[in-house]
Amino acid sequence: MPRLVRLIAVALLALAAPAWAALDPALMAQLGHEDSEVRIEAIRRLAVSQDARAIAVLRALGDDALALIDDGKRAVIVADGEMTDAATGEKLGAAPANLETLIVNNRLRGEIGAAIAALKLGSPDRATRLAAARELQGSDNEDALPIIEAAAAKESDAQIRSILELAAASLAIRSSEPAERLKAAQRLAASTDPQVRQLLATMVTRQKDGSYPEADERVRAVAQASLAAINERLRRTEIALALFSGVSLGSILLLAALGLAITYGLMGIINMAHGEFLMLGAYATFVVQGIFRAHFPGAFDWYVVAALPVAFAVTALIGMALERSVLRFLYGRPLETLLTTWGVSLLLIQTSRTIFGAQNVEVENPSWLSGGIALAGGYVLPFNRMVIIGFAMLVLAAVWLVINRTRLGLFVRGVTQNRAMASCTGVPTHRVDMLTFGLGCGVAGLGGVALSQIGNVGPDLGQNYIVDSFMVVVLGGVGQLAGTVIAALGLGSIAKFLEPWSGAVLAKIMVLVFIILFIQKRPQGLFALKGRSAEA
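What follows is the structure, given as structure tokens:
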């Protein structure tokens, strides 16, 4: 029994020996060599050393805190004016005032990051191992292949193991043995890394002299099949992402056009200032953000929720004041209404410049709107876009309930279909006009809150959406919520599917041409207005 205990103790000491033994001083000095290739070789040798202290050395090199003394034969870590021997960890006292630390370029920093990741694969913390595995996906350090394979073999987490296996296959594909390259090419079919796709594409692409970078025909065939599988997977991901982007853009257009559809359908007002109500809602969000940052920092993540009623109230009140003071005298005169609201838009833009300045202001995303869901090929579905899609649907449902389930909505539908008859039955048409215009402007303010979470907030914010809003309203049909929804989502999706082939500007032109041709055939839009007013 004592013999067995001694053997176990010896084994444990043998396993722990690499952590206690000093790092090679010559290897440490090599980190400061004039030749970048020599420095890279030293970094890669540290990566496979499995010595925990190598991480501190590499971090010091990356932070410009590593220096050479004794004529370049000894590497030291400089921290807080004190020197520590990089190889042994011995304290060496104060650093000379004229001591110059080693400088690294971007290529060396990439090698340092990959080396530290390789050293972290043995960490007990899952998050650390996951981050290290992802860091190694793009590494070309073939010396790390045995470490990655060993780490993958003992890894219990399926996600990390999958990442390590693909990282190992990416290195094994460079092997001199065709059998190893063949197995690696087969495993790489499950990858979605763009660098892996580029590597496989290079292997199967014929060069100018007629040869291939991959000489073995069997390996080329497998690599070609793996490349086709990756391209097909990424193509499906790109289609799904384009659809998501189209719905996201459509939800933004819906928020921008929903209020305009209400006011334009009821009063026939061509409100060129509608975009500025989006801008006012965004600035209201900025103001609420500042209040929360100054007075309620602990609840900062919820400032967006608090900004919703504020933005709605501010824009609705300004809209009602505009209708009572100016627009009520211009009903039935569309040209004068257009010019007046255009002047109001200029006035609102200049007022915002005077109060907030001409430069864009910063509106920070709360933590629950930051980040996204990672997809194949490095694509990401942002959380703020997903939340805005859901928010647009909620606003749409709220507007539908107001229009179809409230007394105000009954009056609005009556005035929209036949204003004269509604007035004869006792409907206060002027009051309905004011409240409806306020509702439309308030909905635009809510759209401004959403826009503040995905882009810059500035005086010209509304100008980017006014034309698109009118296109949505005209295509969907005046005063028709269903048509507005279909038009917004449809135009957003069409634009996003066209952009990869034609570019953003040409895509918008093509959408505009489509709307013009559609209106020529169906002037009433997707959904015709019902009632006597449709016959007028």
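Just remember that this note's numbering sits 1448 ahead of the position in the sequence shown, which is counted from 1. For glycine and all other residues, C-beta sits at the position ideal for the given N, C-alpha and C.
When the options are compared against residue i, the one with the closest alpha-carbon
i: residue 1670; options: 1685, 1638, 1905, 1839; result: 1638
i: residue 1703; options: 1691, 1723, 1533, 1877; result: 1723
i: residue 1553; options: 1510, 1475, 1708; result: 1510
i: residue 1808; options: 1906, 1750, 1739, 1840; result: 1906
i: residue 1596; options: 1613, 1604, 1543; result: 1613
i: residue 1878; options: 1895, 1856, 1893, 1896; result: 1856
i: residue 1559; options: 1584, 1540, 1545; result: 1584
i: residue 1625; options: 1654, 1641, 1662; result: 1662
i: residue 1953; options: 1922, 1749, 1660, 1912; result: 1912
i: residue 1936; options: 1887, 1894, 1778, 1837; result: 1837
i: residue 1701; options: 1845, 1896, 1812; result: 1896
i: residue 1753; options: 1494, 1898, 1475; result: 1898
Collapsed DSSP secondary structure at residue i in the structure displayed
i: residue 1774; result: coil
i: residue 1482; result: coil
i: residue 1489; result: helix
i: residue 1469; result: Here residue 1469 scores only 47 on pLDDT, less than 50, and its place in the model is too uncertain to base an answer on.
i: residue 1939; result: helix
i: residue 1567; result: helix
i: residue 1828; result: strand
i: residue 1496; result: coil
i: residue 1796; result: helix
i: residue 1560; result: helix
i: residue 1718; result: coil
i: residue 1905; result: strand
i: residue 1822; result: strand
i: residue 1640; result: coil
i: residue 1549; result: strand
i: residue 1652; result: coil
i: residue 1459; result: Its pLDDT being 36, under 50, residue 1459 is placed unreliably in this model, and the value from its coordinates should be taken loosely. In the structure shown, residue 1459 sits in a helix (DSSP, three-state: H, G or I).
i: residue 1969; result: helix
i: residue 1964; result: helix
i: residue 1811; result: coil
i: residue 1974; result: coil
i: residue 1635; result: helix
i: residue 1735; result: helix
i: residue 1692; result: helix
Cβ-Cβ distance between residue i and residue j below 7 Å
i: residue 1694; j: residue 1956; result: no
i: residue 1814; j: residue 1718; result: no
i: residue 1628; j: residue 1615; result: no
i: residue 1516; j: residue 1508; result: no
i: residue 1939; j: residue 1958; result: no
i: residue 1892; j: residue 1725; result: yes
i: residue 1885; j: residue 1784; result: no
i: residue 1792; j: residue 1758; result: no
i: residue 1529; j: residue 1543; result: yes
Cβ separation of residue i and residue j, assumed to be a contact under 8 Å, to the nearest whole Å
i: residue 1730; j: residue 1917; result: With a Cβ gap of about 15 Å, residue 1730 and residue 1917 do not count as contacting.
i: residue 1924; j: residue 1709; result: 7 Å
i: residue 1506; j: residue 1563; result: 6 Å
i: residue 1611; j: residue 1581; result: 4 Å
i: residue 1931; j: residue 1960; result: Rounded, the Cβ-Cβ distance is 18 Å, inconsistent with contact.
i: residue 1732; j: residue 1755; result: 6 Å
Residues sharing a beta bridge with residue i, DSSP
i: residue 1514; result: 1525
i: residue 1542; result: 1530
i: residue 1895; result: Note: residue 1895 sits in no beta bridge, so no partner.
The ligand ZN heavy atom lying under 6 Å from the CB of residue i
i: residue 1671; result: Annotation note on the ligand ZN: not contained in the displayed structure, which lists no ligands.
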